[in-house]
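So that you can map any letter, position 142 of the sequence shown is 146 in the working numbering, and since no number is skipped, the others follow by simple counting. Don't be surprised by glycine CBs; every beta carbon is placed ideally from N, CA and C.
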Amino acid sequence: MDGDVFDEIKSMVQMGEPKKIEVIREILKVEAAQPQIVVLRLEKQMSEKVCYEMPTKKMASHLKPLHVSAHFDRIPVSRVLVNTGATVNILPASVMKKLKKSSDEQIPTETTVNGFVGYTTRLKGIIPLQVQVGGKVRMTAFFMVETTAHFSALLGRYWIHESMCVPSSLHRTLQFWHGDGSMELV
């Protein structure tokens, strides 16, 4: 597994001093995407460059957000939104029951987040979870909020960058680079 969740939490939150963080609060409801996993082994000299296929008009004629299926602490979770417009990872408080987590497992915080329409929301806490998308597994800190979002979790830029991930809402895929030089398309 990559990274240390406590380093991640420390870098995102300063305990004792509220910090405002931009995050998308409302997302349009769409059908769940069905991910496909393809693992490609690339030549050593090619492993640093990968291109997507040229999109067709049909591929470009949707406005659907990029949803994937994942496992959080080995429990399957669908409708996980991958969003480059969000800085942090968000977990709706309602998902805690599905993950069999109690409020004792939350790290308390006084932090607030701002939605794109300007609403300020106080966090319920921070919770570290092991997240697996395709073959990529890493500990990830989630900010828990009380929300009626149309997603089970939101993976923001922090997770995207730490996971060496290139999301494409146009192609409806994620590209991951692994330490051995392989690339995975989910």
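For R126, the secondary structure class from DSSP, reduced to helix, strand or coil, is strand. A distance of 8 Å or more separates the beta carbons of Y162 and T113.
With a cut-off of 8 Å on Cβ pairs, the stretch 174 to 182 is in contact with the stretch 57 to 68, counting three or more such pairs.
Counting only the Cα atoms, P96 lies some 27 Å from L189. Inclusion of N93 and T60 in the CB contact set at 8 Å is not warranted, their separation being larger than that value. Proximity to V81 across S106, A64, A157 and K128 peaks at A157, based on C-alpha coordinates.
Taking the C-beta atoms as reference points, L127 is found no nearer than 8 Å to V141. Shown here, S156 sits in coil according to DSSP, grouped into three states, outside any helix or strand. For M100, the enclosing alpha helix (DSSP H) stretches over residues V99 to K102. With respect to the 8 Å criterion, I131 and F146 are classified as neighbours on the basis of their beta carbons. In this structure, the straight-line span from the alpha carbon of S98 to that of G139 is close to 26 Å. The three-state secondary structure of H66, taken from DSSP, is coil. V72 is the residue among I79, G129, V72 and F76 whose C-alpha sits nearest the C-alpha of L85. Look at R83 here: in three-state DSSP terms it is strand.
Closest in C-alpha terms to T152, from the list T125, A64, M63 and T88, comes T125. In this structure, the alpha-carbon of G119 lies about 14 Å from that of M148. Per DSSP, I94 is one residue of the beta strand (DSSP E) stretching across I94 to P96.
In the displayed model, H165 falls within a helix according to three-state DSSP. The Cβ-Cβ distance between V137 and A64 does not fall below 8 Å.
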